[in-house]
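There are 2 protein chains.
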Amino acid sequence: MPVLTRPVLEINLPALLDNYYNLQKLAPNAIAAAVVKDDAYGLGAEEVSAYLYKYGNCRHFFVAHAVEGANIRSQIPEAIIYVLQGMGDDNVSLFKRYNLTPVISSSEQLIFWKQNRITDIKPVVHIETGLNRLGFREQDLAGLSTEDIAGFGLVMSHLACADVCGHFMNVKQLDNFIRLRNQYFKDIPASLSASDGVFLGEEYHFDMVRLGAAMYGINTAPNRPNTMKAIVTVKAPVLEIAPLAQGEYVGYSATYRADTQRNIAIVSIGYGDGYPRSLSNVGKVYLHKNHQRSEIRVIGRVSMDNLICDVTGISNIEVGDMVNILDDTYTLDNIGQDAGTISYEILSRIGKNTRFERRYLK
Amino acid sequence: MPVLTRPVLEINLPALLDNYYNLQKLAPNAIAAAVVKDDAYGLGAEEVSAYLYKYGNCRHFFVAHAVEGANIRSQIPEAIIYVLQGMGDDNVSLFKRYNLTPVISSSEQLIFWKQNRITDIKPVVHIETGLNRLGFREQDLAGLSTEDIAGFGLVMSHLACADVCGHFMNVKQLDNFIRLRNQYFKDIPASLSASDGVFLGEEYHFDMVRLGAAMYGINTAPNRPNTMKAIVTVKAPVLEIAPLAQGEYVGYSATYRADTQRNIAIVSIGYGDGYPRSLSNVGKVYLHKNHQRSEIRVIGRVSMDNLICDVTGISNIEVGDMVNILDDTYTLDNIGQDAGTISYEILSRIGKNTRFERRYLK
């Protein structure tokens, strides 16, 4: 057996592309933009953007911050890069240098834009329809001049409850969006839905859908089976296997005590790698070996670099084995649920470290 | 007012150095090693290591993974870099290239070391004393040869409950450590304590203490007042301020409903920046303005890039203001407690993104 120390993060780019195509098929009349903010939800915005640009012919990308747009520009030279948090004193130079397109959500940002316009860039106007997050409120729209409005390249809003088909908020926001668009932005292309909204039906698609979570394999409609492919696998090596005598304690603060003699394995992944500490005494990892899948329970506190698990009765586990932390069977959605959060947060955390060996399947 | 979009992470290196010195004073006869694993708990291992090396004369550094050692080597050319997860097939080339010192925790790793020895490197032997995580078990130690033992430069173990002075585990582990050291490693320098162990008294100090959490300002003895300085400040800009009508909902899944007319602010930080989603409807942020500190409640779900908060009655808040997410008053320990986790996990997450503007006070 090899001696291994390092967790591995595998990102299946062809599966991501399949998800992109399948979402696109559900919204065939809309432009399929890719949401690659937060470093493509932790999976590497450069690699993800380059792949979608090259193989998916994607030409519209959304990031949250200008610095994220700057980081991917060289990979997607001809694309439009929309920056959701908008333009300000702390990033205007990046907008100019990397030819980024601001999403304008407030009067303050609009004034700033007019003072710092970039030739050939048509900004997006973001309007509030019920999420009560970013966006022009209805009462602000009357203040827009005809010239302001003519300058926008896209009008967008964002749904609060698109993960639940039939939620009253969806219809309310759709009605608000149509009404405000007709009143102020009649001739401007429109975008309301992220990937969860794609599943709500054609009336939610307008001219552009913004594909993020579902493209990354997350089930954005938890009440229905996931139709997307899992694209992320995380594995970590077993560093050590040892007996644990009855009455012994495991991990920080001695939260686990062995009622009987056990065997334990020390695995090289912890909350420093984005594995949630809330999975202390709760998490599950999986050994795939000799065509068998064995479920293994995490015991004791998850620490920064390691977790400890109970491998009593799993006779074929050895030092150097890789155990699966998440895969296409124990998915992001499963681990999110077990950890008391959502898969989005898990994904965003998992990719945020430099200790993984990162493998892109291409 | 400026228009701002980007959260800011400030790291006070002189305060970190003060913490390092103050911990050193508590253990004056021990070498003060710095623990800079997990990218110095997210604060930037290169900057932190370089500063401690240059101004603190620190020459012993602990990382978890070889890749972390490789990343800091150029900053600390003459230092010993100990790698806690050990040496294996997946990192041996980094050990050789960057002159790293493995911590050997198992028979498998010892065999690997003997096959891949590096001239002039004396590895650390890690022994188990009660945490039941990494380390040689007592029954394995009898298998070590005299030559194996003579080759080690340090014998170490790690405490499970050092955050609680008087915990029965501390004495148990101390006794085990002394007994095993006397039996097997009599002439080899020893290290038992991380920063929490420093506060347990001189008998826990041995020849080296490994300073991590407390140096970063975390209170490692939560039952006592923190004697360390806070070294981290996180601020995020207000992107937008808007009225919220009675009956309106806020954020994903509409988890907050306004019973009365409110004013809300949209702040540019979210779980993508390491702000815990578990602070949805629970978190607090702070406005410092005109010599006043106002507490502001987070309402609705925390999303990836933003949080929303209730600023009703805070008449002086404006778009472009920076609110404090954590500082020396609302500390890492406070936010950890509110989020249902420990400050270590918060710190490790906060620093793991490239969207912050990162400022080092030097």
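Protein sequences, first through last, are from chains G and P.
Read left to right, the first sequence gives residues 46 to 407 (my numbering).
Read left to right, the second sequence gives residues 46 to 407 (my numbering).
Note that the Cβ used here is the ideal one computed from N, Cα and C, for glycine as well.
Using DSSP bridges, identify the partner residues of residue i.
i: Asp355(G); result: Ile309(G), Arg342(G)
i: Pro282(P); result: Met367(P)
i: Arg403(P); result: Leu54(P)
i: Gln337(P); result: Lys334(P)
i: Ala287(G); result: Ile309(G)
i: Tyr98(G); result: Its beta-bridge partners do not exist; DSSP assigns none.
i: Ser236(G); result: Met201(G)
i: Met253(G); result: Ile76(G)
i: Gly107(G); result: Per the sequence shown, residue 107(G) should be read as Phe rather than Gly. According to DSSP, which records beta bridges pairwise, Phe107(G) is partnered with Val80(G), Tyr127(G).
i: Val295(P); result: Tyr301(P)
i: Val277(P); result: Ile56(P)
i: Lys329(G); result: Arg342(G)
Short of 8 Å in beta carbon distance, which residues of its chain neighbour residue i, apart from the five on each side in sequence? Order them along the chain.
i: Lys407(G); result: Leu58, Pro59, Tyr96
i: Asp378(G); result: Ile263, Asn264, Pro267, Asn271, Ser388
i: Ala235(P); result: Leu199, Val200, Met201, Phe222, Arg226, Phe251, Asp252, Met253
State buried or exposed for residue i, treating a residue as buried only when at least 16 other CB atoms are found within 10 Å of its CB.
i: Met46(G); result: exposed
i: Ile156(G); result: exposed
i: Phe22(G); result: The shown model of chain G, from 46 to 407, leaves out residue 22(G), and the question about it has no answer.
i: Tyr320(G); result: buried
i: Asp355(G); result: buried
i: Asn74(P); result: exposed
i: Lys159(P); result: exposed
i: Ala195(G); result: exposed
i: Asn102(G); result: exposed
i: Ala413(G); result: The structure shown does not extend to residue 413(G), since chain G is modelled only from 46 to 407, so the question has no answer here.
i: Asp366(P); result: buried
i: His203(G); result: buried
i: Asn335(P); result: exposed
i: Lys231(G); result: exposed
i: Lys99(G); result: exposed
i: Gln130(P); result: buried
i: Phe213(G); result: exposed
i: Arg404(G); result: exposed
i: Arg224(P); result: exposed
i: Glu153(P); result: buried
i: Pro32(G); result: Residue 32(G) falls outside the range modelled here, since chain G spans only 46 to 407, and no answer is possible.
i: Asp208(P); result: buried
i: Tyr66(P); result: exposed
i: Val295(G); result: buried
For residue i, I'd like the list of residues in its chain whose CB is within less than 7 Å of its CB, leaving aside the five on either flank, ordered along the chain.
i: Arg2(P); result: In the structure as shown, chain P begins at 46 and stops at 407. Residue 2(P) is therefore absent and cannot be evaluated.
i: Ile76(P); result: His105, Asp252, Met253
i: Asn221(P); result: Thr174, Gly175
i: Val368(G); result: Lys280, Ala281, Val283, Val312, Val330, Tyr331, Leu332, Ile341
i: Val327(G); result: Val343, Asp383
i: Lys397(P); result: Gly87, Gly319
i: Ile362(P); result: Val283, Ile286, Ala310, Leu332, Val356
i: Ser150(G); result: Gly131, His171, Leu179, Gly180, Phe181
Within the same chain, show all residues whose beta-carbon is closer than 6 Å to that of residue i, passing over the 5 residues directly before and after it, in chain order.
i: Val93(G); result: Val81, Ala85
i: Thr278(P); result: Glu55, Asp372
i: Asn136(P); result: Ala111
i: Ala303(P); result: Leu289, Gln291, Glu293
i: Gln218(P); result: Thr174, Gly175, Leu204
i: Leu49(G); result: Pro282, Gly365
i: Ile117(G); result: Ala90, Glu91, Ser94
i: Arg51(P); result: Glu402
Report the residues of the stretch 309-320 of chain G with a CB closer than 9 Å to any CB of chain P, ordered along the chain.
Ile309, Ile311, Ser313, Gly315, Tyr316, Gly317, Asp318, Gly319
Below 7 Å between beta carbons is the criterion; list the residues of the stretch 239-260 of chain P that meet it against any residue of chain G, in chain order.
none
Could you list the residues in the stretch 67-100 of chain P with a C-beta less than 9 Å from some C-beta on chain G, going in chain order?
Lys82, Asp83, Asp84, Tyr86, Gly87
Curious, which full-length beta strand (DSSP E) runs of at least 3 residues does the stretch 110-181 of chain G contain?
125-128, 146-149, 169-171
Residues of the stretch 184-211 of chain P whose Cβ lies closer than 7 Å to any Cβ of chain C, in chain order:
Going by chain labels, chain C is absent from the structure shown, which instead holds the protein chains G and P.
Quick one: which residues of the stretch 278-291 of chain P get their C-beta closer than 7 Å to a C-beta of chain G? List them in chain order.
Leu284, Glu285, Ala287, Leu289
Could you name the residues of the stretch 103-129 of chain P whose beta carbon sits closer than 9 Å to any beta carbon of chain G, in the order they occur along the chain?
Ala109, His110, Ala111, Val112, Glu113, Asn116, Val128, Leu129
With 7 Å as the limit, tell me which residues of the stretch 139-169 of chain P have their beta carbon closer than that to any beta carbon of chain G; keep them in chain order.
Ser150, Ser151, Glu153, Gln154, Phe157
Against chain G: residues of the stretch 368-402 of chain P by CB proximity under 8 Å:
Gly385, Thr386, Ile387, Tyr389, Glu390, Ser393, Arg394, Lys397, Asn398, Thr399, Arg400, Glu402
Please list the residues of the stretch 345-358 of chain P that have a C-beta atom closer than 8 Å to any C-beta atom in chain G, keeping them in chain order.
Gly345, Ser348, Met349, Asp350, Asn351, Ile353
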